[in-house]
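Below is one structure, written out as structure tokens; the observations come after it.
In the UniProt record's numbering, the protein residues as written are 1 to 182.
And the structure:
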């Protein structure tokens, strides 16, 4: 395990278990909007998009997060050989499907005797490894040095999106302020 500092805010640092891997990832450095974006394979036909704002730029970045901006980021990604360090983290959220079902036109279930006790449930997302492997095989006579490879270190608050690959639909979105929080 590799433990490193994660800067929660200007005065708070926590030690986090970091996953590190050198490999090919879809990435984009958006200098105009102060973000670094990395797309990681997730499960099935989904990917995890990590948006790391530059230091002290989270509020600004959150202000222009829209469906179109996420699509722009996804379209701007290109394969890059990078040294990626990402903290292990988990997210849990309550999903209240009642309003969603009403918006979808499912209203006949909302009678006086309707039971929605099973509708709202906690869903969990746990990130505990980067990609499918921690190993990189270099098939070249050129020797890479870690200093030669662009580095992306997720060591401050970041945004995470689970995106369906074919439609680009956002399946989940969240903000990680402190990866050690439960």
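Where is the CB? At the ideal position from N, CA and C, for every residue including glycine.
Keep in mind it's a predicted model, so treat the numbers as computed, not measured.
In the three-state reduction of the DSSP assignment, residue 65 falls in the coil class.
For residue 73, the three-state secondary structure derived from DSSP is helix. In this chain, the beta strand (DSSP E) harbouring residue 35 covers 35-41. When C-alpha distances from residue 13 are compared across 168, 20, 3, the shortest belongs to 3.
Assigned with DSSP and collapsed to three states, residue 10 falls in coil, not helix or strand. Following the DSSP letters along the chain, one finds residue 181 in no beta strand (DSSP E), marked with neither H nor E. For residue 153, the uninterrupted beta strand (DSSP E) segment begins and ends at 151-153. With contacts defined by Cβ atoms closer than 8 Å, residue 28 and residue 37 form a contacting pair. From the listed residues 65, 68, 22, 1, the smallest Cα separation to residue 79 is found for 22. For the pair residue 47 and residue 153, the CB atoms are not nearer than the 8 Å cut-off. Around the CB of residue 166, fewer than 16 other CB atoms lie within 10 Å, so the residue is classed as exposed.
Nearest Cα to residue 30 within the set 88, 163, 57, 169: 57. Straight-line spacing of the CA atoms in residue 159 and residue 1 works out to 24 Å. Straight through space, the alpha carbons of residue 66 and residue 149 are spaced by roughly 31 Å. The three-state secondary structure of residue 60, taken from DSSP, is helix. Here residue 33 is near residue 61, since their CB atoms are less than 8 Å apart.
Taking residue 161 as the centre and dropping the five residues before and after it, the same chain places the C-beta of 49, 170, 173 closer than 6 Å to its C-beta, in chain order.
Closest by C-alpha distance to residue 72, out of 168, 181, 179, 180, is 168. By DSSP's assignment, residue 21 forms a beta bridge with 84.
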